[in-house]
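Enquirer: Here the sequence shown stands for residues 3 to 71, where the numbers follow our numbering.
Can you keep this structure in mind? I'll have questions shortly.
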Amino acid sequence: MGSIPYPLLADFEPKGAMSKLYGVYNEERGTANRSVFIIDKEGIVRWKQEFGNAADIDPKAIMAEIDKL
């Protein structure tokens with residue numbers, strides 16, 4: 003497998019700790035809601051969107067939000 007030029011976050015233990023901090027944890031399901039965050043180089047969340055379905059995610063709309071930064 004290749005490498006990617008950005009960090010990824012795993013939210014396994016303690017279960018849901020990060021998704022709870024980011025406000026996207028679903029207690030009923032015990033998982034995080036499908037979400038996209040744009041976080042700047044200083045670590046500030048500049049944009050957040052939750053999606054009920056993966057098909058609802060629009061990469062062009064996300065890129066438009068990035069272009070606004």
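Even for Gly, the Cβ is constructed at its ideal location relative to N, Cα and C.
#1: Based on Cα-Cα distance, which residue from Met65, Glu67, Arg31 and Lys43 lies nearest to lysine 72?
#2: The beta strand (DSSP E) that contains glutamate 52, what's its start and end?
#3: If you draw a straight line from the C-alpha of valine 26 to the C-alpha of phenylalanine 39, how long is it?
#4: Under the DSSP definition of a beta bridge, which residues are partnered with tyrosine 27?
#5: Quick one: what's isoleucine 41 bridged to in DSSP?
#6: Closest to alanine 57 by CA distance: which of Asn28, Arg36 and Met20 is it?
Expert: With the given structure in hand:
#1: The structure shown does not extend to residue 72, since the chain spans only 3 to 71, so no value can be given for it.
#2: 47 to 53
#3: 11 Å
#4: Ala34
#5: Val47
#6: Arg36
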